[in-house]
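K.L.:
Have a look at the structure that comes next, please.
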Amino acid sequence: MASYLGVARSFDLEIVRTLGQNSANDEYSTETMEVNVEVVYNVTLAFLPLLREGNRKMILSMSSITGSLAHEERFMIVPHHAYKISKAALNSITKLHALDLSDEGFTFCAVSPGWLRVDQAGPYANLNAEICAKAVLDLLERYREALNGKFLNIYVPGWEEIKGLHKYDGLTLNGKWETDVAYMEHLGIMRHSPPPGESSTGSCT
């Protein structure tokens, strides 16, 4: 029996290896995880000693709404699962660093910069790079409690209530109403109240 199980286990492993080798996205998956997860993690750790000597101690990571677990079904139209998985992992790194280093005054946040007209997205994307850059910089003007550990959407005037795949309302992308409401009201961009049963402040998840 033990001999039979050993053969079966070896056979299963060989199937897994073969499937992996035959995957058209295998090389892309490895490179994507290295760039979007491993490199970000290692660079962050390398710069922590220098950041500790600074005043603001802020780290912002460029994520993607396609990496939001709350929006997985909505973005099944996007075929590159490796990319989405890597961005979900990046969001997790952001959250973990925020929790680990909050007492030291660090601020970690991730932002989805939107669908931009760059080589990767093509000419049919929503926004140009200049609009995105301004929106990201505007996010950084929020005070620390509205940023730390958050995964945020950019805010672009006129795109708050767009019907379609993308909208840019400045809110969090974790599936809960947890953006700093007072700040959003101050900007005059609140368009609706929190869904029934949900707190207007929420938690950092």
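Under our numbering, the sequence shown has 208 at position 196, and the numbering climbs by one with no breaks. Just so it is clear, CB atoms sit at the ideal spot from N, CA and C, and this is done for glycine as well. All values derive from a computational prediction rather than experimental measurement.
1) Just tell me which of S73, A58 and S98 has its CA closest to the CA of I166.
2) Apart from the five residues just before and just after T44, which ones in its own chain have a Cβ nearer than 7 Å to its Cβ?
3) In terms of alpha-carbon separation, which member of I71, H92, L60 and L185 lies closest to L149?
4) Taking the C-alpha atoms as reference points, what is the distance between L139 and A58?
5) Tell me the DSSP secondary structure of N103 in three-state form.
6) Taking only the alpha-carbon atoms, compute the straight-line gap between S114 and N103 and give it to the nearest angstrom.
7) If contacts are defined as beta-carbon pairs under 8 Å, then I77 and H83 qualify, I think. What distance do you get, rounded to the angstrom?
8) What residue range is occupied by the uninterrupted alpha helix (DSSP H) comprising I143?
P.N.:
Concretely, from the data shown:
1) Sequence index remark: in the sequence shown, residue 166 carries index 154 (1-based). Closest by alpha carbon: S73.
2) As a working note, residue 44 is residue 32 in the sequence shown. The answer, listed in chain order, is A94, Y95 and S98.
3) Within the sequence shown, numbered from 1, the residue matching residue 149 stands at position 137. The shortest Cα separation from L149 among I71, H92, L60 and L185 belongs to I71.
4) Taking the first residue of the sequence shown as position 1, residue 139 is located at position 127. Taking the first residue of the sequence shown as position 1, residue 58 is located at position 46. Computed Cα separation, rounded: 33 Å.
5) Working through the sequence shown from its first residue, we reach residue 103 at position 91. Correct three-state label for N103: helix.
6) On the sequence shown, residue 114 is found 102 positions in, with the first residue counted as 1. On the sequence shown, residue 103 is found 91 positions in, with the first residue counted as 1. Inter-residue distance for S114 and N103 is about 16 Å (C-alpha atoms, whole angstroms).
7) Counting from one through the sequence shown, the residue named residue 77 turns up at place 65. Counting from one through the sequence shown, the residue named residue 83 turns up at place 71. With a Cβ gap of about 6 Å, I77 and H83 count as contacting.
8) Taking the sequence shown and counting its residues from 1, one reaches residue 143 at position 131. Its alpha helix (DSSP H) spans residues A141 to L151.
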